[in-house]
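Heads up: the sequence shown begins at 577 in this note's numbering, then just goes up one per residue. Note that beta-carbon positions come from the ideal geometry of N, C-alpha and C, so glycine has one too. Quick notes on the structure that follows.
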Amino acid sequence: MYRDMPREIPLSKPDITPLEESLVMQVLRSGRLSIGPMVEEFERQVADRCGCRHAVAVNSGTSGLHLAMRALNIGPGDQVVTTPFSFIASANAILFTGATPVFADICPRTLNMDPAKVERAINAKTKAILAVEAFGNPAYMDQYRSIAARHEVSLIEDCCEALGTTHKEDRCGSFGRVGVFGFYPNKQVTTGEGGMVVTDDERLADMCRSMRNQGRPIPARGHSSPSAPGFSSWLRHERLGYNYRLSEVNAAIGVGQMRRLDAIIERRREVAERYISRLAGHRHLILPTIDPETRMSWFVFVVRLDSSYTGEERDRVLSGLRGHDIGCGDYFPCIHLQPHFREQFGFEVGMFPIAESVSHRTIALPFHNGLTDREVEVVCQTLDVLIARENLTKR
Ligand SMILES: *Cc1c(COP(=O)(O)O)cnc(C)c1O
């Protein structure tokens, strides 16, 4: 490294150590690359961590959401209440089944759906609430749980951004009838690509196990997958299934990451607190609002410009950061305004004003386990300058 060479500060970076490397090598040398002990161990680790009886590993969070919907028999004619402020996968999973997403606008403090709006969106066709912990924040999850119970619909928890977060006695993953984690490289825990369905409901877990493996027969108790190739049930397909299996190689990365999860969460908390102490009281920025009874497992660090700023001004700040080799993101553009949603459902600007207003002003800052205090300082100073420059022309 040349000391004077400015170095890019990436938005995100996975934290892979010799432990993950040696577990991957162990799999490669074993010759068993799919349907094996690593997947089973990874499933046990995640189930234990979130306090659910069953965990079913899949090849992405999106696949997991699809299986959860299918296992709950959600299909054409059904409605699912969900948030317009999320990664596209949460609402797309509803479309996969032929059901209709019904959006409920968010609360500007927590960025999760406003519980009163969730309740108002429920009708006779509603089959489920698909609630997302935006940026890992479990706000209102307990309220969605009681709303779902009162209306006799299922709560599906998209906890893809919340592995390791707790609220009071509750652990993310255990709020709903079924929860889904994701392990893309920017998540707290990664497997490269991967996901996990968690539930206490044995029948639901069985359906997911069968459907992730081409609809093969539900495996015998204590086994993660139906018999391997060579057994008579291998070419028997009892329901429409998919190949959503997670490979042993990917699971090995996850096993290593889960063993280190407490250290990972702690490191991310330190980085988040560094940002918070540096940016607290900033005249133009709104910081994440976290309930004092929530113990966050930080996924990303997203601030937003106050409501006097436009989307164009925010975008100029993002380009300015990138111009200084600082990675950043505009998490999330509203789902209802994505081209395929507009086309299919006729959504228009103004339908979910809070989500729209928030989404124009967010700035995801570099956030990963390796981020140093100096880098946080460089990011914050650059951000200060870019915001000050917007104010020159503005006021
Ligand atoms: C990451 C994520 C997913 C799953 O994404 P995959 O890339 O399919 O693993 C789903 N929902 C949300 C809210 C996410 O952040």
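Item to complete: Scan the segment 624 to 697 and note each continuous beta strand (DSSP E) run of 3 residues or more that stays entirely inside, going in chain order.
Response: 630 to 634, 655 to 658, 676 to 679
Discussion item. Am I right that T659 and A680 are in contact with their C-beta atoms under 8 Å? What's the rounded C-beta distance?
Written reply: Position 83 of the sequence shown, counted from the start, is the residue given in the question as residue 659. Position 104 of the sequence shown, counted from the start, is the residue given in the question as residue 680. Contact flag correct, Cβ pair sits at about 7 Å.
Worksheet item: Pick from L595, C735, I840, R815: whose alpha carbon is nearest that of A647?
Response: Numbered from 1 along the sequence shown, position 71 holds the residue referred to as residue 647. Nearest C-alpha to A647: R815.
Fill in: Alpha-carbon to alpha-carbon, A715 and I866
The residue labelled residue 866 in the question sits at position 290 within the sequence shown. The residue labelled residue 715 in the question sits at position 139 within the sequence shown. Looking at the two C-alpha atoms, the distance is approximately 8 Å.
Discussion item. Considering only DSSP beta bridges, list what F757 is partnered with.
Written reply: Translated into positions along the sequence shown, residue 757 becomes position 181. M772.
Discussion item. Tell me the rounded alpha-carbon separation between M614 and E846.
Written reply: Looking up residue 614 in the sequence shown gives position 38. Looking up residue 846 in the sequence shown gives position 270. The alpha-carbon atoms of M614 and E846 are separated by roughly 31 Å.
Discussion item. According to DSSP, simplified to helix, strand and coil, what is F618?
Written reply: Your numbering for residue 618 matches position 42 in the sequence shown. Three-state result, F618: helix.
Practice prompt. Output the boundary residues of the alpha helix (DSSP H) element that contains V729.
Written response: Stepping through the sequence shown from its first residue, residue 729 is reached at position 153. Looking at the DSSP string, V729 is not in any alpha helix (DSSP H), and its letter there is neither H nor E.
Worksheet item: Where does N945 fall in DSSP's three states?
Response: The residue you call residue 945 lines up with position 369 of the sequence shown. N945 falls in the coil class under three-state DSSP.
Worksheet item: Taking 7 Å as the cut-off, does the CB of L972 come closer than this to any heavy atom belonging to ligand 1?
Response: In the structure as shown, the chain begins at 577 and stops at 971. Residue 972 is therefore absent and cannot be evaluated.
Worksheet item: What three-state label does DSSP hand N713 in the structure shown?
Response: As a working mapping, residue 713 is identified with position 137 in the sequence shown. It is coil, neither helix nor strand.
Worksheet entry | Alpha carbon of Q655 to alpha carbon of K701, nearest angstrom | Residue numbering aside, residue 655 sits at position 79 when the sequence shown is read from its first letter. Residue numbering aside, residue 701 sits at position 125 when the sequence shown is read from its first letter. Going from the Cα of Q655 to the Cα of K701 covers about 6 Å.
Worksheet item: Any chance the CB of V708 is under 7 Å from a heavy atom of ligand 1?
Response: Here the question's residue 708 lines up with position 132 in the sequence shown. Result yes, Cβ under 7 Å from ligand 1.
Item to complete: Using three-state DSSP, classify D746 as helix, strand or coil.
Response: Position 170 of the sequence shown holds residue 746. In the structure shown, D746 sits in a strand (DSSP, three-state: E or B).
Item to complete: Using a threshold of 8 Å, state whether the C-beta atoms of I723 and G752 are closer than that.
Response: Your numbering for residue 723 matches position 147 in the sequence shown. Your numbering for residue 752 matches position 176 in the sequence shown. Cβ distance not < 8 Å, so I723 and G752 don't count as in contact.
Worksheet item: Is N967 helix, strand or coil by DSSP?
Response: Mapped onto the sequence shown, residue 967 falls at position 391. The answer is helix: DSSP assigns N967 an H, G or I state.
Worksheet item: Using a threshold of 7 Å, is the CB atom of S588 nearer than that to any non-hydrogen atom of ligand 1?
Response: Translated into the one-based positions of the sequence shown, residue 588 becomes position 12. Flag unset: Cβ of S588 not near ligand 1.
Worksheet item: What is the DSSP secondary structure of A724, counted as helix, strand or coil?
Response: Here residue 724 refers to the residue found at position 148 when the sequence shown is read from its first residue. Looking at A724 - three-state DSSP - the assignment turns out to be helix.
Worksheet item: When burial is assigned at 16 or more other CB atoms within 10 Å of the CB, is V632 buried or exposed?
Response: Position 56 of the sequence shown, counted from the first residue, corresponds to residue 632. Answer is buried; the Cβ neighbour count reaches 16.
Worksheet item: With respect to the beta strand (DSSP E) encompassing V879, which residues constitute its N-terminal and C-terminal limits?
Response: Stepping through the sequence shown from its first residue, residue 879 is reached at position 303. Its beta strand (DSSP E) spans residues 877 to 881.
Discussion item. By alpha-carbon positions, which one of D882, S883, G830 ends up nearest to S598?
Written reply: Within the sequence shown, numbered from 1, the residue matching residue 598 stands at position 22. Among D882, S883, G830, the Cα nearest to that of S598 belongs to G830.
Practice prompt. Confirm the yes/no value for this check: CB of C736, any heavy atom of ligand 1, distance under 7 Å.
Written response: Taking the first residue of the sequence shown as 1, we reach residue 736 at position 160. Checking every heavy atom of ligand 1 against the Cβ of C736, one is found closer than 7 Å.
Item to complete: Kindly indicate if chain D contains any beta-carbon less than 8 Å away from that of D891.
Response: Here chain D cannot be found, since the structure has a single protein chain.
Discussion item. I'd like to know whether the C-beta atoms of A669 and H642 end up nearer to each other than 8 Å.
Written reply: Numbered from 1 along the sequence shown, position 93 holds the residue referred to as residue 669. Numbered from 1 along the sequence shown, position 66 holds the residue referred to as residue 642. Against a cut-off of 8 Å, the Cβ pair of H642 and A669 comes out as a contact.
Discussion item. Using only the alpha-carbon positions, how far apart do F917 and F923 sit?
Written reply: As a position in the sequence shown, residue 917 is number 341, starting the count at 1. As a position in the sequence shown, residue 923 is number 347, starting the count at 1. Their backbone Cα atoms lie some 7 Å apart in a straight line.
Practice prompt. Output the distance between the C-alpha atoms of S730 and R892, rounded to the nearest integer angstrom.
Written response: Numbered from 1 along the sequence shown, position 154 holds the residue referred to as residue 730. Numbered from 1 along the sequence shown, position 316 holds the residue referred to as residue 892. Those two C-alpha atoms are separated by around 42 Å.
Worksheet item: Does the segment 733 to 741 come close enough to the segment 872 to 885 to have 3 or more Cβ pairs within less than 8 Å?
Response: yes
Worksheet item: Near M834, which residues of its chain fall below 6 Å by C-beta distance, leaving aside the five closest residues on each side in sequence?
Response: Counted from its first residue, the sequence shown places residue 834 at position 258. Taken in chain order, the residues that qualify are Q621.
Worksheet item: Whose CA, out of R898, C735, E745, lies closest to the CA of M772?
Response: As a position in the sequence shown, residue 772 is number 196, starting the count at 1. That would be C735, whose Cα lies nearest to the Cα of M772.
Discussion item. Output needed for L947: all residues of its chain with C-beta closer than 7 Å, excluding positions within five of it in sequence on either side, in chain order.
Written reply: Residue 947 sits at position 371 when you count from the first residue of the sequence shown. Excluding positions up to five away in sequence, the list reads V847.
Worksheet item: In chain order, what residues of the same chain lie with their CB nearer than 6 Å to the CB of A781, ignoring the 5 residues before and after it?
Response: Position 205 of the sequence shown, counted from the start, is the residue given in the question as residue 781. So the list reads H630, V632, T775, once near-sequence residues are dropped.
Item to complete: Given a cut-off of 8 Å, decide if R880 and V955 are closer than it, judged by their beta-carbon atoms.
Response: Within the sequence shown, the letter at position 379 stands for residue 955. Within the sequence shown, the letter at position 304 stands for residue 880. Cβ distance not < 8 Å, so V955 and R880 don't count as in contact.
Item to complete: On a CA-only basis, which of A828, G887, G857, L687 is nearest E603? Give me that one, please.
Response: The residue you call residue 603 lines up with position 27 of the sequence shown. Per the sequence shown, residue 603 should be read as Val rather than Glu. Of the listed residues, the one whose Cα sits closest to V603 is A828.
Fill in: Beta bridge counterpart(s) of T870 as assigned by DSSP
Counting from one through the sequence shown, the residue named residue 870 turns up at place 294. DSSP, once it has assigned bridges, lists H743 as partnering T870.
Discussion item. Can you tell me whether G896 is helix, strand or coil according to DSSP?
Written reply: Stepping through the sequence shown from its first residue, residue 896 is reached at position 320. Three-state DSSP puts G896 in a helix.
Discussion item. Tell me whether G771, by its Cβ, gets closer than 7 Å to a heavy atom of ligand 1.
Written reply: Counting from 1 along the sequence shown, the entry for residue 771 is found at position 195. True, at least one ligand heavy atom lies under 7 Å from that Cβ.
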